[in-house]
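Colleague:
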Amino acid sequence: MITSAAAAPPSSVSLPVLAQVNIARLKAPLDSPELKDFVDGLEPVNALADAADGFVWRLQSEGGDATDIAVFGDEWLIVNMSVWRDVPALTAFMYTGLHREFLARRREWFEKVDEAMTALWWVPSGHEPTVAEAEERLLHLREHGPTPHAFSLRTTFPAAL
Numbered sequence: 771m772i773t774s775a776a777a778a779p780p781s782s783v784s785l786p787v788l789a790q791v792n793i794a795r796l797k798a799p800l801d802s803p804e805l806k807d808f809v810d811g812l813e814p815v816n817a818l819a820d821a822a823d824g825f826v827w828r829l830q831s832e833g834g835d836a837t838d839i840a841v842f843g844d845e846w847l848i849v850n851m852s853v854w855r856d857v858p859a860l861t862a863f864m865y866t867g868l869h870r871e872f873l874a875r876r877r878e879w880f881e882k883v884d885e886a887m888t889a890l891w892w893v894p895s896g897h898e899p900t901v902a903e904a905e906e907r908l909l910h911l912r913e914h915g916p917t918p919h920a921f922s923l924r925t926t927f928p929a930a931l
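In this text, residue positions in the sequence shown follow the numbering used here: the first is 771, and each later residue adds one.
1) Hey, out of 832, 799, 822, 883, whose CA is closest to residue 912's CA?
2) In the DSSP assignment, what residue or residues form a beta bridge with residue 892?
3) In or out: residue 846 buried (at least 16 other Cβ within 10 Å) or exposed?
4) Is the distance from the Cβ of residue 901 to the Cβ of residue 853 below 9 Å?
5) If you draw a straight line from the alpha carbon of residue 856 to that of residue 831, how long is it in whole angstroms?
6) Measure the C-alpha to C-alpha separation of residue 788 and residue 863 and round it to an integer number of angstroms.
7) In terms of residue numbering, what span does the beta strand (DSSP E) encompassing residue 828 cover?
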């Protein structure tokens with residue numbers, strides 16, 4: 771039996787990459803004792819992300835993280851936005867090591883919210899999503915559910931070439 775792998779795209783064509791945004795509503799101010807472990811862990815978690823297989827880019831201010839970047843005009847919301855090669859690269863980082871430990875503790879630091887707080891979408895290679903773009907994708911997901919325009923880890927869509 772002869773099998774063949776799918777042909778690789780020409781080198782001039784770059785594959786889409788996966789953008790992700792997640793926002794969280796703080797239970798206390800970032801400088802409070804309640805959030806000390808979270809704040810102290812940002813730098814090590816971000817360093818692990820930066821070095822992770824499939825990591826492309828993350829939103830950050832001059833401080834090296836995104837905790838001072840406004841989202842939806844709400845001072846109690848913080849934003850995390852990054853770009854990854856694909857869904858498996860993102861989930862491999864999310865569900866292992868220090869990030870997994872932080873994920874397990876999220877209820878200590880963040881309010882439980884019933885609406886979608888995470889959205890994924892495909893972007894052209896080299897594109898760095900904006901906060902406004904992320905807000906639009908989250909609102910789209912909340913209004914329409916998962917679609918190729920904005921989806922969740924539970925319901926993903928393939929990248930369109």
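All C-beta atoms in this analysis are idealised placements derived from N, C-alpha and C, irrespective of residue type, glycine included.
Modeller: Taking the structure as given:
1) Taking the Cα of residue 912 as reference, the smallest distance to any Cα among 832, 799, 822, 883 is reached at 883.
2) BP columns for residue 892 point to 788.
3) If you draw a 10 Å sphere on the C-beta of residue 846, you find fewer than 16 other C-beta atoms in it, and that means exposed.
4) Not a contact, by the Cβ cut-off of 9 Å.
5) Rounded to whole angstroms, residue 856 and residue 831 show a C-alpha spacing of 24 Å.
6) Rounded to whole angstroms, residue 788 to residue 863 spans 14 Å at the Cα level.
7) Start and end: 825–828.
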